[in-house]
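Since the structure comes first, as structure tokens, the remarks are kept for the end.
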Amino acid sequence: AQTVTQSQPEMSVQEAETVTLSCTYDTSESDYYLFWYKQPPSRQMILVIRQEAYKQQNATENRFSVNFQKAAKSFSLKISDSQLGDAAMYFCACLKQGSQGNLIFGKGTKLSVKP
Amino acid sequence: DAGVTQSPTHLIKTRGQQVTLRCSPKSGHDTVSWYQQALGQGPQFIFQYYEEEERQRGNFPDRFSGHQFPNYSSELNVNALLLGDSALYLCASSPPRHYGYTFGSGTRLTVV
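In order, the protein sequences belong to chains C and F.
Taking the numbering used here, I'd label the letters of the first sequence as residues 303 to 417.
Taking the numbering used here, I'd label the letters of the second sequence as residues 9 to 120.
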């Protein structure tokens, strides 16, 4: 069975600084997808970034980038130039290819941004 | 362009009752997945609907059932409610043959 572990229940960062959120996963699949979702108090899960496991290049979306270490099964999220609006719960998720919507989520990391 | 719409936003039910939650997918999306998110936890997959049929199911009892309509909207039904069913229920839709999931803001269900 797939599992996703986020070992940091809470993190804090100063505005304009950089923060890295950790995520490890366990899967026996060779083809899968990894995601970071942001959940603000509005409750809606918002996709931050996505990585296909077969791609060696780390995904980047503006201020958000990942460090994907396939052998170590690690998928960390780096947020650069943190903004107050980045404060939220962040969830790491894994989806095996062919799985019909069965995203496996971690327990989340609560990120606070200090002005 | 409306995203994923869920109704109602909040709901209070009594143990043993039945509840129906509704979801309208994003325009252009034909697949709907449902998740249960308990307080302080990540979402857990309940099931996915495609072409009006349940395509995959997570580890949830038969009390949880669903339906998808020809316009791709979906319902989640929970029978014989338990206190432990209190959670945020999230709906996510995705386009054909793509792993891009768009989530709604959820329905907060409280069972008393």
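Note that CB positions come from ideal geometry on N, CA and C, so glycine has one too.
Because the structure is a prediction, the values reported are computed rather than measured.
Residue of the options minimising C-alpha distance to residue i
i: Ala-95 of chain F; options: F:Pro-78, F:Ser-32, F:Gln-56 and F:Ser-113; result: F:Ser-113
i: Gly-66 of chain F; options: C:Ala-389, C:Ser-344 and C:Ile-406; result: C:Ile-406
i: Thr-110 of chain F; options: F:Gly-24, F:Gln-25, F:Arg-30 and F:His-37; result: F:His-37
i: Lys-380 of chain C; options: C:Arg-345, C:Val-415 and C:Ser-324; result: C:Ser-324
i: Ser-414 of chain C; options: C:Gln-308, C:Ala-303, C:Ser-314 and C:Thr-307; result: C:Ser-314
i: Met-391 of chain C; options: C:Ala-303, C:Ser-344 and C:Tyr-327; result: C:Ser-344
i: Ala-303 of chain C; options: C:Glu-312, C:Tyr-327, C:Pro-417 and C:Asn-360; result: C:Tyr-327
i: Arg-63 of chain F; options: F:Asp-70, F:Gln-14 and F:Phe-55; result: F:Phe-55
i: Lys-416 of chain C; options: C:Gln-359, C:Arg-365 and C:Gln-316; result: C:Gln-316
i: Ala-318 of chain C; options: C:Thr-307, C:Ala-389 and C:Tyr-334; result: C:Ala-389
i: Leu-89 of chain F; options: F:Pro-104, F:His-75 and F:Arg-71; result: F:Arg-71
i: Phe-53 of chain F; options: F:Gln-76, F:Pro-103, F:Val-40 and F:Pro-104; result: F:Val-40
i: Ala-46 of chain F; options: F:Pro-103, F:Gly-108, F:Pro-104 and F:Leu-91; result: F:Leu-91
i: Glu-312 of chain C; options: F:His-75, F:Cys-99, F:Gly-48 and F:Tyr-58; result: F:Gly-48
i: Pro-334 of chain C; options: C:Phe-377, C:Gly-387 and C:Gln-308; result: According to the sequence provided, residue 334 of chain C is Tyr. The question's Pro does not apply to it. The shortest Cα separation from Tyr-334 of chain C among C:Phe-377, C:Gly-387 and C:Gln-308 belongs to C:Phe-377.
i: Cys-31 of chain F; options: F:Trp-42, F:Thr-22 and F:Arg-23; result: F:Trp-42
i: Pro-103 of chain F; options: C:Phe-366, C:Trp-338 and C:Gln-402; result: C:Gln-402
i: Gly-108 of chain F; options: C:Trp-338, C:Phe-370, C:Gln-359 and C:Ser-382; result: C:Trp-338
Check whether residue i and residue j have beta carbons under 9 Å apart
i: Pro-16 of chain F; j: Ser-101 of chain F; result: no
i: Lys-357 of chain C; j: Thr-329 of chain C; result: no
i: Gln-399 of chain C; j: Glu-331 of chain C; result: yes
i: Met-347 of chain C; j: Gln-353 of chain C; result: no
i: Tyr-97 of chain F; j: Gln-14 of chain F; result: yes
i: Asn-85 of chain F; j: Gly-74 of chain F; result: yes
i: Cys-394 of chain C; j: Gln-308 of chain C; result: yes
Straight-line Cα distance separating residue j from residue i
i: Gln-310 of chain C; j: Gly-410 of chain C; result: 8 Å
i: Leu-336 of chain C; j: Pro-78 of chain F; result: 31 Å
i: Ala-373 of chain C; j: Gln-25 of chain F; result: 48 Å
i: Asp-93 of chain F; j: Thr-305 of chain C; result: 22 Å
i: His-106 of chain F; j: Glu-83 of chain F; result: 22 Å
i: Val-350 of chain C; j: Arg-116 of chain F; result: 23 Å
i: Glu-363 of chain C; j: Thr-320 of chain C; result: 15 Å
i: Leu-29 of chain F; j: Val-368 of chain C; result: 35 Å
i: Gly-408 of chain C; j: Thr-118 of chain F; result: 23 Å
i: Val-12 of chain F; j: Gln-76 of chain F; result: 14 Å
i: Arg-23 of chain F; j: Thr-322 of chain C; result: 42 Å
is_contact[residue i, chain C] using C-beta, thresh 9 Å
i: Tyr-43 of chain F; result: yes
i: Arg-63 of chain F; result: yes
i: Pro-69 of chain F; result: no
i: Arg-116 of chain F; result: yes
i: Tyr-58 of chain F; result: yes
i: Ser-113 of chain F; result: yes
i: Gln-26 of chain F; result: no
i: Thr-22 of chain F; result: no
i: Pro-16 of chain F; result: no
i: Gly-66 of chain F; result: yes
i: Gly-50 of chain F; result: yes
Closer than 9 Å to chain F by CB, residue i
i: Tyr-356 of chain C; result: no
i: Tyr-335 of chain C; result: yes
i: Arg-365 of chain C; result: no
i: Gln-346 of chain C; result: yes
i: Val-306 of chain C; result: yes
For the segment 398 to 416 of chain C, list every residue whose C-beta sits within 9 Å of some C-beta in chain F, in sequence order.
Gln-399, Ser-401, Gln-402, Gly-403, Asn-404, Leu-405, Ile-406, Phe-407, Gly-408, Lys-409 and Gly-410
Closer than 9 Å between beta carbons: that is the criterion. Which residues of the segment 85 to 111 of chain F meet it against chain C?
Leu-96, Leu-98, Ala-100, Ser-102, Tyr-107, Gly-108, Tyr-109, Thr-110 and Phe-111
Proximal residues, the segment 369 to 394 of chain C versus chain F, C-beta separation under 8 Å
Phe-393
What residues from the segment 317 to 332 of chain C come within 9 Å of chain F, judged by C-beta to C-beta, listed N to C?
none
Using a Cβ cut-off of 9 Å, which residues of the segment 70 to 84 of chain F contact any Cβ in chain C, in chain order?
none
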